[in-house]
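To keep things clear, I will list the structure first and then write my remarks on it.
Set out below in structure tokens:
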């Protein structure tokens, strides 16, 4: 059985709908990037059906305190990836330390 969500009309004014962050705007570049990401990424709080269907706002990369969307627009990552990237994105010394650790052991259970 397939369930189809009924879409509510956008409550934003017409001028706001032209914004790239509006849920009604479906940019072809974002839709292409979204198609690639949806197959590989699932966030616990994301409505992936909406992402796949609507081509919503997708972050494609990050460096330092900034992130970029699929269209190349730069944003300040003011929430630092919700606290876990407060050291910044793209830190090669951290990536190297993680790679070294994963080379010896990835994880071990504390429960036995």
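Residue numbers (my numbering): 63 to 174.
Just so you know, even glycine gets a beta-carbon here, dropped at the ideal spot from N, CA and C.
In this chain, the beta strand (DSSP E) harbouring residue 125 covers 121 to 125.
Annotation for residue 138: the continuous beta strand (DSSP E) segment containing it runs 136 to 138.
For the pair residue 138 and residue 158, the Cα-to-Cα distance works out to about 25 Å. Judged by DSSP secondary structure, residue 160 falls within the alpha helix (DSSP H) whose first and last residues are 154 to 166. In this chain, the beta strand (DSSP E) harbouring residue 128 covers 128 to 131.
DSSP links residue 115 through a beta bridge to no other residue. Rounded to the nearest whole angstrom, the C-alpha separation of residue 132 and residue 141 is 19 Å. Rounded to whole angstroms, the gap between the alpha carbons of residue 147 and residue 172 is 25 Å.
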